[in-house]
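Participant: Residues 42 to 266 (this note's numbering) are what the sequence shown spells out, left to right.
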Amino acid sequence: ALVPTCVALGVLVLVWAATTGPVGMLHGSGRRFVFKPPPPVTTPPSEGPTTGNLRETTRNVEQVADLSWVGDLIATTVLLAVCAAVFLGLRQLWLRRWQAPERPPELEFDALPDRLVEALSGDLVAQLEVVEQGDARNGIVACWLRLQEIVGDAGLPARASETSAEFVVRTLKALDLDPQAIGTLAALYREARFSEHDMGEDRRTTARTALQALHQDLRSRGTVR
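1. Only counting the same chain, and skipping five residues up and downstream in sequence, which positions put a Cβ closer than 6 Å to that of alanine 152?
2. Are the beta-carbon atoms belonging to alanine 227 and alanine 251 less than 7 Å from one another?
3. Hey, how far is the Cα of alanine 195 from the Cα of valine 209?
4. Quick one: grab the DSSP three-state call for glutamine 174.
5. Report all residues from its chain with a CB closer than 7 Å to the CB of cysteine 184; omit the five preceding and five following residues, and keep chain order.
6. Which residue from Leu114, Gly51, Leu229, Trp139 puts its Cα closest to that of valine 182?
7. Figure out for me which residue from Leu259, Thr204, Pro220 has the closest Cα to the Cα of glutamate 159.
8. Can you round the beta-carbon distance between arginine 245 and glycine 180 to whole angstroms, since I take them to be within the 8 Å contact cut?
9. Of the choices Val166, Gly193, Thr225, whose alpha-carbon is the least far from that of threonine 212?
10. Taking the alpha helix (DSSP H) that serine 202 falls in, what are its first and last residues?
11. So arginine 187 packs on alanine 233, CB below 8 Å; how close in whole Å?
12. Between the beta-carbon of alanine 49 and the beta-carbon of valine 127, is there less than 7 Å?
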């Protein structure tokens, strides 16, 4: 960020120097002495050279205050203020510059632990039992939450931009399971979780069938590939 700032300040200084001409960097004390000639003498001067004391010699010299340095001070202050504003503006632009977002970690299929497949396969009975508990809505929600708990216990990383349900769907798809069965279970969960209309037993049957299809896929594949 310092490189463009230094370049911009250098350009401003060059433009200022070119437009103002020669600039004196050092000034005096601000005091000037002006000599006022004495009034004409009507009497003829005396013969021979005359000398006087210091008071008589300097009686026509007056001290005048020179305030031209005030304008130089104001101009220098304004220039420094402009340079500081340019520096702060460039700094803010640099800090707020566009940056490509970090790529979220991809969940590679080969990196999935085998214990996830084993945990899902060994929990089939419990998953079928929770589907049958309560009414159809509660059973579907309980079944999905059990799948979500198993996936979370496997220690797989979730993306910051996804919900827990999206994380479960992505993980199950990464196992190369039946995407239709996964989508059916996810859709039934969202309907049961966020809707208010009645859900009949046909929804429970659909969820049970999708769950059995997932486990059939797990048995047919055996291990993660």
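Every residue gets a Cβ at the ideal spot worked out from N, C-alpha and C, and that includes glycine.
Facilitator: Judging by the given coordinates:
1. Interpretation of alanine 152 is limited by its pLDDT of 48, a score under 50 that renders its predicted location unreliable; the figure taken from the coordinates is listed afterwards. Once the five neighbours on either side are set aside, alanine 152 has no close Cβ partner at all.
2. no
3. 11 Å
4. coil
5. Gln168, Val171, Val172, Ala248, Leu252
6. Leu229
7. Leu259
8. 6 Å
9. Gly193
10. Careful: serine 202 lies outside any alpha helix (DSSP H) and carries neither H nor E.
11. Going by Cβ atoms, the distance from arginine 187 to alanine 233 rounds to 14 Å, so no, they are not a contact pair.
12. yes
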